[in-house]
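612 is the number that this note's numbering gives the last residue of the sequence shown; the numbers go up by one with no jumps. Note that beta-carbon positions come from the ideal geometry of N, C-alpha and C, so glycine has one too. Below is one structure, written out as structure tokens; the observations come after it.
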Amino acid sequence: MSMTDLRYARHRRSTKLHSGNRILEPSDFAHQLVEKIQKEIFSAIRCTVYIGISDNKLLSKLGANKVKDGEGNGVHLVVNKEALLNDLELKDLEGIGYRLNQKLLSHHLRYVRDVLNMENPKQEICGIIGSGNGNKIYNYCCGIDTRPVEIAERKTIGTECNYGVRFDGPYIYQVIVQLEMPRQFFARA
424 MSMTDLRYAR HRRSTKLHSG NRILEPSDFA HQLVEKIQKE IFSAIRCTVY
474 IGISDNKLLS KLGANKVKDG EGNGVHLVVN KEALLNDLEL KDLEGIGYRL
524 NQKLLSHHLR YVRDVLNMEN PKQEICGIIG SGNGNKIYNY CCGIDTRPVE
574 IAERKTIGTE CNYGVRFDGP YIYQVIVQLE MPRQFFARA
């Protein structure tokens, strides 16, 4: 077993595989595919990954967000979209920023279920926030997302530096910009 395999095996122990109430079996195709993807990413850049599996971008993203907990890899297979969406806050939907969220809150709309429990949800939400955003948000509340999944060309590599001490003086530039960031960049490129 290679050193990479040993490191991956340590991270793999914390992988969560669940779909609603069902634990994925190792024989499941999704499990096998996810294991392969996670191992390749960890081998290439030493990063853990969260994966959401569903039939559209919105539900996949929400599924991935559900398993993010900082303990390593995580996978969520979305089987019951109503259960995933029902208790979700509207601010957690794509496209709802601070101002739009404040407008929705002023109409006592905090959760997806609040929108869906309206007498005529699509018409009422469009009346509150306009037809463009209203239709999009209503569809998201119903778990509908027709945006295509596209492979995007990577244009930037992000890196961050956290230190537990406060630097004073001009040498901070040398430590972070000249030493640490290039090291992280080349490790991920």
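Here Y521 is exposed. Its C-beta has fewer than 16 other C-beta atoms within 10 Å. Here DSSP, grouped into helix, strand and coil, assigns I464 to helix.
DSSP, read as helix, strand or coil, puts E547 in helix. If only complete runs of 4 or more residues are kept, the segment 478 to 516 shows the alpha helix (DSSP H) at 480 to 490 and 504 to 509, in order along the chain.
The closest CA to that of E573, considering only N479, H530 and G497, is found on N479. In this structure, DSSP gives I560 a helical state, which the three-state scheme calls helix. Judged by DSSP in its simplified three-state form, I552 adopts helix.
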